[in-house]
Structure formats: C-alpha cells, structure tokens
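Working notes for the structure below.
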Amino acid sequence: MFSRWGDLVHRSRFTVIGVMVAFLLGLAAYGLSLNDHLSQSGWDDPNSESVHAAVTADGTFGRDSTGDVVALYTAPEGSTVDDPAFQQTVTAGQDAMMAAHSDKISKININYFQQRLPALASPDKTKAIATFAIAGANDTELTNNFRDVKDAFAIDGVDVQLAGLQPIANALNDTMAGDIKRMEILAIPVVGVLLFFVFGGVVAAALPLIIGGLTVVAANGMVRLFTNFVEVNSFVAPVVSLIGLGLAIDYALFIVSRFREELADGRTTQQAVQRSVMTAGRTVVFSATMIVASLGGLLLFPQGFLKSVAFGAIATVALAALTAITILPAILSILGPRIDALGLKSMRKTKTTEEIESGPWGKLTRWVMRNPLKVCVPIVLGLLILTLPVGAIKFGGINETYLPPDNPTRVAQNVFDENFPSYRTEPLKIVLENAEGPQLGTVLREASNAPGLVERFSIERNENGVAVLKAGLVDRNVSSPAIDYIRSIDVPDGVTLSVGGTPAIEQDSIAALVDRLPLMATLVVLVTTLLMFLTFGSLVLPLKAILMTTLGLGATLGILTFIFVDGNGAGLLNFTPGPIMAPVLVLIIAIIFGLSTDYEVFLLSRMVEARARGASTTEAIRVGTSHTGRIITAAALILIVVTGAFAFSELVMMKYIAYGMIAALIIDATLIRMFLVPATMKLLGDDCWWAPQWMKRIQQKLGLGEPILDAEMMPTDVPELVAIGSAPLPARTREPLTQPIPRVMQSGPSAARAMPERVAPDRPRPVAPRPAPERVQKPAVQEPPVQQPAAPEPVAPRAVEPTASPVAPAPAPAEEIRVARPAETRPARASDDQQSRPTAGPEPTSAEPAPRNGAPAPRPIESWLAELRAPSVAQRSNGSNGSNGHETTSFRYGSVSGDGIDVDRPRNGDSNGNGHSNGNGNGNGNGHSNGNGGPHGNGSRTSAEVDSWIAGLRMPEREDRPAPEPETHNPSTPEVPEPDETPPTTTSGRRRARDGDDESGGRHHGQSGAISVSELLARQRRQ
C-alpha cells in the first residue's frame, strides 16, 4: 500500500502539492479568528454534585455574577476613600463606563461608593471595592466581553486594580498568547539552525519547517471548526502549536533523512521517494496512529477541557502525518538530488552504512550489548529513585497562583483576599432544596462547624424552596475536610443538600480524573500493544516498550513533583509552589506516553526491517540503534527547543508541560532508547520476536508487517553463480528460480575484512599465457566421461598480496538486480542409477516448495547459498586423499557479529581425485577457485573463505571501483584439463596451492569454470 502511495505521489507530485497546499491554507484562513472563540470553561465534571448545585442555584436565581470583576480602588496617599473629591471622581468614572458599555457590563452588584457598607472598605479606609457583572450567556461570551471593556475600568487620578474571575481568565489567555509568540520568535529560528547542522544544507533544513508551519496553521483552522460544536478551552492553542510544530518537524526529519540515504545508495529519485514512503512514511503513519490512541484516552474523562484538547491534538497529529506523506514526498520528487543544495559540502555528505555502523552510535551500541547488565541495573535503579517523589504529589485547580507572583492581576487578587475575606470570589456554597425554616436553621448551624472556614455560613438567597448558603475558606487548596464534613450531615427526609462553589467543583473534578485514570491507562496500553504487535509481529516488544515508557513517565512525574510541589528552584523559575493542576497533569501523561511510543516505533521499525532481511537479533539491534540514534537524538533536541520556549512562560501550567517534556525527552531519547532498549533486547535475545502462532497468523493475514523492499529483489536475467567442476558429473536440470537477495546482510568494517580481495579484484586481470603447471603424481582413479569445452583464455599469474587476509574495498551501489537460477547442471546423488547420464528433465525436491501457477516459489537466501556448501556427490570412500573422497563443511549462518559470520571448520575428507569441495568448487583435476574465476592449485576454499565470498556478495560496490573485464569462456560450460597436464592431488581441502599462486593465493593449475560475482554484475550492467 505504501509503495503504491509513494509511486502515486511521485507521478502526481504537482497535483498533490496544489491540492494539499490549497486545503491547508484554506484551513489556516478559517482559523485566523480562533482566539475570539476560545473560553476558560471545561475544567469541571458536569455530572458531579457540585455542578448540580451550581445549575440549581443559577436556574433559581440566575447566574452568580458577584465574582466576575472586582474593582479595587485605592485612595491617594494622605486621604481616604471617604473623601468627597475622591468619591466624586470614582462615581463619575463608573457612570461613564456603564453608559458607554451597557451591552458588555450588565450591572454593578455591590459598590461602596453607593451603599457605604463598612464591609466594602478596608479597616484603614484606604481601599474600597465594587463588583461588576459581565454580560454573556456562556464562558466564551464572558471572556470576549471583558476583553473589550477591561481598559474602561481605568479612572484618571485613581489607582484601580482588577481582580475576580474574568481578569484572572484574561491574564491566563494573554500569557498563553505571549508564550506562543515567544515560541515563534525564539524556537523556530533555533530549530532552523539545528536542522541546518543535521542536514548540512538550507533546502533540506527548510523542508521540515515548511511542513511544521503548514501543520500548525491548518490545525488552528481545525480547532476553529470544533468551536462551532463544543466549547474549546484557550489552553488548546499552545498545545496545538507545541505538538504540531514538534511532531511535524520530527516526521519530516525522518522522511528526509531516509530519502537522502536512498539517494546516497544510488537510487533514482522515484525509487528514493517510493522507498522512503514505504519505510519512514509507513513508520510515521503507525507512529501517528499510536499517538492518536494515546491522546484518545483523554476522551474518557468528563471534563470539557480535556475533550477539547484531545480533539485539537488529535487533529494536529493527523495533519502532521498527512502532510509528511503527501506534500513532503511530492516536494522531494521535484527536488531530487537538489535536496542538498545551498549547503556546505563537508556537512551534507550522507554517510554510508559502514560509516554509520562504525561511527559513535555503532560503537556505543556494541559496548552496550557487551555489557547489558551493567547498563540495565544502574539505569533502572536511577529511574526508580527519580520516581520516589511522586508519593508526595498533590492536585489542585486553576487559580491566580498559576500566574507569576508579580503579575498585576495576581497582586490585585491577593490584596482583595487579604482585606475583604468575607467577599472572596471563590467561597464554599451549600444549596438546599425543599428546606423550610427550622430545617434550614439546623443545617446552617451544623455546617458552620466545618473545619477551615473563615467565618460561619450565611444565607445568601432563599426563594422558591431553594436556599444558598456560603462561607469562605482559609485555604482553598485545603478544602477537602470542610467539604467532606458538610456532605456527611444528615438532612431531614425530602431535603436535598448539595455542596458547591469553586472549591467543591475542583475537588469533584480531581476525583473524576483519579477515578478514570486507571481505565484510560488500561485502554491506552491495550490499544498501543495491539497496534505495535500488528506493526512488528511481536508481543514481547510492545510489552517491553510499555514497561520502559512507564519507567520514564514515573521518573518525569517525580521530577515535576520535586520542582513544582516541593518548591525546589521556585525562586529561580519564578513561580509559587503548590498543587499540580490535575487536568494538565493528565494531559502531560498522554503527551509523554505518545512521544515515548513514537521514538520506540522509529527505533524498532529499523530493527525489524533489518530482521526481515535476515539479520540476527544482535545484528538487528546494532543496525537499528546505529541508524536511528542520530536521528532520534536530533528529533528529541528539536522538540526540547520547541518546548523549551514554553519553559520561559509566566504561566505555571505551561512550565509543567515544558519541564515535563524536557525531562521526558532527555530520559527517553538517551537513557531508555540508546541504552536500556538495546541492553534489554540483548538479554532477551531471540525471545524479542516471540508471539503466539495464532497471533502471528493474524498479523501476517492483515499484512501490517515490516515490508520487504521490492527494489531489493535481483533481476531475473542475471545467471546465478554456480560452481562448475573441471569435469562434468551426471546432472539433472532445474527450472529457473527467481530469488530475492538482500543487499547487505553483514555490514560495518568487519564485512570488508571478511571478504577476500579475489571476490572482486580492483582492476581487470591482464590476459597472458600461463606458465606450465607442475606435474603431480596421483593414484589412478576412474573418472566419469567428460565433455571437452572450448578452451578459455589464459590468465596471467599475479603475486601474492603481503597480507594474509586481504581487505577488499566495498563494492559500489549497483542497480537493483535479481538472480535467476537457470537450468543448471547439477551433480547427481549417490542414489542415481547411472551417474554418467543426465536426467531427462526437472526433478523437484522435497526441500523446495511446490511452484504456483508455473512460477517457482522463492526461498530464503540461506537455502540456495547453502547448496554451494552441501555435498553434491555421495561420499564413496572413507579416507582423506582417497580417489573419490570429498570435503564436507559445516556452515552455521545467522550468528552475525562485528567480526563476521561464524563458520565451523571443515570436518572430514579432503578434496582430490574425482571428489569436490562442497560450496567451493571442484577440487578434482586441476581444481578451480569458486566465486573468483581465477584458478588456483590443487586445493579448494575453506568454509571461512566461503563466508568471505558470501559477505562479498552482500556488500555493495563502491562507486569509484571499475568493473572487472569479463572472461571469454562460457560460464555454464565445464572445463577439463589440457591433455598434457596431470591433475595435481590435494592433500587437504583447506590447504592452498604451494606454488604458482596468484594474488589471491590460488595456484595456476588447470582451467576454471567458476564465475565471479563481480563478473556477473559487470555483464548485467553491460547488457
């Protein structure tokens, strides 16, 4: 699916860009008015008792507007609020404001300058208050109306301070808007500089910023669309900016990095785009899906704040993924190699696979896997220690203390609370229904004994069978004892008692969050486990990922508690210690869990991709970590910069998110992903990939596993390398078989050391007559009939290289090739009746799957490569050096390490006479060097040499390497020794020829029918 999508985007790139940009800009235009449609509502549980009390009271007496705006008037120094001149000035200013804004300010509730109540003035008569009701049917209208008239409260010559619910909400909104502007001014340029150093070019660095910008402005339009159906909290705006910019840049970073890597491997632009979408694009989609699942858990909570944030964040994540797999691949299709334009050449070079795996991340991964317990134990203990402060965590609601201590609105609120405690804007209320006089008096007396009250309860209103009692609290953050006491009061039958007011609403909201948090965690874990299993086909990997994410999340919450609840660093960070706002904390948990899963998906996807190509668990861990370590670190650093801009916020809620995400990103991207993940996977070994078979069948049926790249299949018109002996043996034919071959099975510097230089020589060998071979006496043997092929051109001898284990340069990235198994001449088995007569036709074996629709079924690479090592002729004698003996080797594949492939040594038999060495070409007659085309004396390759040949087959050729000249003989025709030569005898299948060695250590005896891999590739390129 993703392959077809990448191809479609490439072919329709201009259409995709035009349609998507028009769509996103249309959303951006619609979202320009977003700030006018945001509110401060949604913090409460609409199903709680406290909300029921508020609804009952408002339905009976109308909305309680006494706390909307509190104007605090301070007399000039040396005078009091009772001075006639001061009173006249204040009264004139109030009248003018009410006349000018009667549609925004509905009434004056209480006013010292009209009522002259002593309680409305401070004891020293230097301050007086008046409260105003703001017009509006809902929180959004209230917020907008106050914003329009807030400057009208100012009076010339009078010190006026504004406190109350609406000034606090306005201060919070203004602070959030300032945070977003600060991020745009500070974070985006810094992110651009970081991207330039990551990619080394202006063009490549600009692409993630373009994708991030389009995502954020379009997400604002989506949130604006939601405001038509639900009330959206103003807190959504900074969350959308943070998540949208951070994730969009991360997604673009992964895709652009993969695209440049594919171009560096010699792919065309179309192939690079298609493969980038197949791999990185696919991972982006699954990562976004898991983050959406994590954020979707917020919809389980009753608070409108969390629902609106969830809608906005989910829309933002979806847009980030959509732009990353549409606009970005289309732009890459247009740019092609120009992606590296406008940069420093020394910085924009894309490292090869060998350079990446031998670099810092590869070395770090190898060290971690050598010391898994030394890595796991200290990190786990450290994270558990950081989690300990969580036991002292406290939850609270939104209030003025979330503003900085020197904020004007917070200062005004503090002055008001100190001088007028009985008029506090957030009292505790009791709503009684159907309570008559004696019953009302009983409840009033009993409730006044509640702990933590500033004064006794008083009757605020009593009409139509509904009475409202109210009293202030000494500390609103310690309201639980009073609320629990009042709710325990026994009331007469038929009387309904409901505890309300802001303190009760906050407590009920916190209780609803705590009650539903386990349900959210359970569902998110189940959904994440299911999605990761469908993605990777393992049940162990998602469980491991969730466990590690939980460790990181616990450490993050411990750090937040240590700072914001315990107050460590409060003076430096300019905030007041106190309870953490519960809804914001739940949001932090969802975001951090989603981001941690995001990095886990990117890391594991590269491991599973390597595993799908045949790598062992150890090799897959090394490849995945070394290839993604740099990118994950860069992505985390970019998100740290984006969230770091919010760390300078004056709003404590934003500091929660900023410092929480910074701590989580540092812990997750370094300690967990780069150390703990590879160490634990090393300890688990192959159990990492375990899942019940019935689950694996479901995953395979759904087709969500890691893709095998079609572009890595070998073309069908290149003959497979087959060792042909110098004398043909009885044969049978086999149908051509197309077999996928991974490009690189072993990588890193060890791969180059493991490949002999004769696998792919640096330069073509000059053709020259060979010296006469030395005759070696051998016992008489009975040889099968042979066919006389055309004599090949002689090859000049070359000197032996001084090193015992020559290192072949890495081959250049060749075009995608497909190896076809042609109708081959194969030695007959011992059970054949006539060993000198070929079989009449194809003879399928039980080891091969039955072909479907006439096409042969593909087999893993190990199956047909192993045939080169398996004995082709039954051993007919016991002895080494026997006339018909043969050499057998035991090859153990799959245990790949940094030093190459483990191979067991040859076990029995030597190659001489009519026998042959399995997988290394025939050793009879004059012998030949299998896989090289250059003859050597009377020995055959050892198993280690076979492994080196395999490593050479899988290593890409370097671009600066010339292709070898083709041999002139027919590669499919066996060759026989010249009549005047006597085939030498091999004393050991592992021993090289003793004289006449070529540069690879082989002796120039006889003629060879073997064909080198480099020659095959060169012929394919010329064809």
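Letter 770 of the sequence shown, counting from 1, is numbered 783 in the working numbering, and no numbers are missing. Heads up, the beta-carbon is just placed ideally off N, CA and C, and yes, glycines get one too. Just so it is clear, the structure is predicted and the values come from calculations on it, not from any experiment.
Output yes or no for whether 8 Å exceeds the beta carbon distance between residue i and residue j.
i	j	result
A132	K140	no
D81	Q179	yes
L526	V578	no
H23	P221	no
L445	V508	yes
T3	G257	An answer regarding residue 3 cannot be provided, because it is not within the stretch 14 to 1036 covered by the chain.
G514	E439	yes
A333	A261	yes
L552	W703	yes
A480	L453	yes
T296	S618	yes
Y669	L573	yes
Q316	D506	no
Residues in its own chain within less than 6 Å of residue i by CB, not counting five upstream and five downstream?
i	result
P434	V467 and G485
S61	D521
E663	T188 and P417
V388	V381, F688 and A692
D152	S52, Q53 and S54
A219	none
V597	M666 and Y669
Of all Cβ atoms in chain B, is any one closer than 8 Å to the Cβ of residue i?
i	result
Q107	Reference to chain B is not applicable here, since this structure consists of a single protein chain.
Could you tell me how far apart the beta carbons of residue i and residue j are, in whole angstroms, since I believe they sit closer than 8 Å?
i	j	result
I443	L482	4 Å
Q182	L47	Per the sequence presented here, residue 182 reads as Ala, with Gln not at that position. So it is not a contact: roughly 17 Å between Cβ atoms.
K320	L312	6 Å
V103	I168	6 Å
M111	F166	So it is not a contact: roughly 11 Å between Cβ atoms.
A231	A41	6 Å
Report buried or exposed for residue i, applying the criterion of at least 16 other Cβ atoms within 10 angstroms of its Cβ.
i	result
P1084	Because the chain is modelled from 14 through 1036, residue 1084 falls outside the range shown and cannot be assessed.
R351	exposed
S471	exposed
F210	exposed
R710	exposed
G19	buried
P592	buried
G39	exposed
T28	exposed
R237	buried
E622	buried
F408	buried
F659	buried
E413	buried
T282	buried
E632	buried
I398	exposed
L684	buried
S501	exposed
Counting only the same chain and skipping the five closest in sequence on each side, list residues whose C-beta sits under 7 Å from that of residue i.
i	result
W380	none
R643	W374
A285	F272, E275 and L276
Rounding to the nearest angstrom, what Cα-Cα distance links residue i and residue j in this structure?
i	j	result
A603	G310	8 Å
T542	P402	28 Å
D49	W56	19 Å
M545	V614	8 Å
S115	I147	10 Å
V537	I653	25 Å
L386	G395	14 Å
Y498	G580	30 Å
S885	T638	Any reading at S885 needs caution, since the residue's pLDDT is 38, under 50, leaving its predicted position unreliable; the model's value is listed next. C-alpha separation (whole angstroms): 41 Å.
S270	L650	16 Å
A113	V245	30 Å
I4	Y86	Only positions 14 to 1036 of the chain appear in this structure, which leaves residue 4 out of reach.
L21	F15	10 Å
Using a Cβ-Cβ cut-off of 8 Å (strictly less than) and excluding sequence neighbours within five positions of residue i, which residues of its own chain qualify?
i	result
I121	Q107, M111, Q127, A143, T144, F145 and A146
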